[in-house]
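Everything on this sheet refers to the single structure shown next.
Chains as they are written, first to last, in our numbering: chain A, 1 to 122; chain B, 1001 to 1180.
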């Protein structure tokens, strides 16, 4: 049962967290949430990303965007490295792949080349 | 599209992209008159008469990345296939109101879907916007306002992952009538 009491507890927890972590996160994870993305299954992907971020501490924030213009490759997840300003585009992402992206790319800086758009276009 | 929540999220996303400050989503099921009523109201930039007249056309869009805009077109199709009615009113710089009326027991109406998740995505898309969700099913009423949540949270952001997940669960419980 979720009650408004939980919200107060979560607020205190979140305040402690804010003090601990650095303000600028290294990565920005962007999910395409236009009609094409949602139709292709972006909802469970975004849901999984938020759940993972709620349970674990990752050096990234998750945001949404509209149509990226590559509708046939949706669901698309783009990972922006804020330090060296590079972008990695993951295509046909599933919730399982999304977790793998967080655990490898975000945590260990290991890009999963087999899921990126470059490997699909070859 | 598989569920009603998917259709609504399309319309809510339009409202979010229209630079709204407040968005109200009203879902009302009245079994006595067999009606599912959905109203989405925003105070965004609105549409001019020309855009409004063509808004259900799938080749109408304001975005630059592609020439197709399917959100409202799909909703119109849903209303057509279910003998429902779609009305959109809009005034530039004042806002837009979208009203959907559907016969609740129609064969071709998809299930309602995950309304909590739908609201979570909208709040995550733009945490500065205040969302109100009103859900009514006959005698049962559930009301959710992000303003009240933000008041409770103080300086903590509403788009923190655990708070978003709490919102999703809280709304889904409220819709089922389990909240105290």
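Idealized CB from N, CA, C, for every residue including glycine.
Compare the Cα-Cα distances from residue i to each of the options and report the closest residue.
{"i": "residue 1174/B", "options": "1111/B, 1026/B, 1143/B", "result": "1143/B"}
{"i": "residue 1013/B", "options": "83/A, 65/A, 25/A", "result": "65/A"}
{"i": "residue 14/A", "options": "1044/B, 1154/B, 1120/B, 1111/B", "result": "1154/B"}
{"i": "residue 1132/B", "options": "1045/B, 1167/B, 1110/B, 1101/B", "result": "1167/B"}
{"i": "residue 1056/B", "options": "1165/B, 1078/B, 1176/B", "result": "1078/B"}
{"i": "residue 1177/B", "options": "1059/B, 1135/B, 1053/B, 1092/B", "result": "1135/B"}
{"i": "residue 1034/B", "options": "1141/B, 1156/B, 1084/B, 1157/B", "result": "1084/B"}
{"i": "residue 60/A", "options": "54/A, 36/A, 26/A, 111/A", "result": "26/A"}
{"i": "residue 1032/B", "options": "1139/B, 1124/B, 1016/B, 1062/B", "result": "1139/B"}
{"i": "residue 135/A", "options": "95/A, 78/A, 94/A", "result": "Because chain A is modelled from 1 through 122, residue 135/A falls outside the range shown and cannot be assessed."}
If we define contact as Cβ-Cβ less than 8 Å, is residue i a contact residue for chain A?
{"i": "residue 1009/B", "result": "yes"}
{"i": "residue 1161/B", "result": "yes"}
{"i": "residue 1084/B", "result": "no"}
{"i": "residue 1107/B", "result": "no"}
{"i": "residue 1124/B", "result": "yes"}
{"i": "residue 1121/B", "result": "yes"}
{"i": "residue 1177/B", "result": "no"}
{"i": "residue 1065/B", "result": "yes"}
{"i": "residue 1052/B", "result": "no"}
Under the DSSP definition of a beta bridge, which residues are partnered with residue i?
{"i": "residue 27/A", "result": "60/A, 81/A"}
{"i": "residue 1089/B", "result": "1097/B"}
{"i": "residue 1039/B", "result": "1026/B, 1099/B"}
{"i": "residue 1133/B", "result": "1025/B, 1144/B"}
{"i": "residue 65/A", "result": "32/A"}
Using 8 Å as the threshold, is the C-beta distance between residue i and residue j below it?
{"i": "residue 1097/B", "j": "residue 1039/B", "result": "yes"}
{"i": "residue 1170/B", "j": "residue 2/A", "result": "yes"}
{"i": "residue 1029/B", "j": "residue 1137/B", "result": "yes"}
{"i": "residue 1049/B", "j": "residue 1081/B", "result": "no"}
{"i": "residue 1062/B", "j": "residue 67/A", "result": "no"}
{"i": "residue 1181/B", "j": "residue 1016/B", "result": "This structure gives no information on residue 1181/B, because the portion of chain B shown stretches from 1001 to 1180."}
{"i": "residue 10/A", "j": "residue 1159/B", "result": "no"}
Under the assumption that residue i contacts residue j (Cβ atoms under 8 Å), give the Cβ distance between them as a whole number of angstroms.
{"i": "residue 1087/B", "j": "residue 1072/B", "result": "Not a contact, Cβ separation roughly 12 Å."}
{"i": "residue 1115/B", "j": "residue 1022/B", "result": "Between residue 1022/B and residue 1115/B the Cβ distance is about 19 Å, and since that is not below 8 Å, they are no contact."}
{"i": "residue 102/A", "j": "residue 52/A", "result": "5 Å"}
{"i": "residue 33/A", "j": "residue 46/A", "result": "7 Å"}
{"i": "residue 1118/B", "j": "residue 1024/B", "result": "At roughly 14 Å, the Cβ-Cβ gap does not stay under 8 Å, so residue 1118/B and residue 1024/B are not in contact."}
Chain B beta carbons: is any one of them nearer than 8 Å to that of residue i?
{"i": "residue 64/A", "result": "yes"}
{"i": "residue 32/A", "result": "no"}
{"i": "residue 114/A", "result": "no"}
{"i": "residue 84/A", "result": "no"}
{"i": "residue 6/A", "result": "yes"}
Given that residue i touches chain C, what residues does it touch there, using C-beta distances under 8 Å?
{"i": "residue 60/A", "result": "This model lacks chain C altogether; the protein chains it does include are A and B."}
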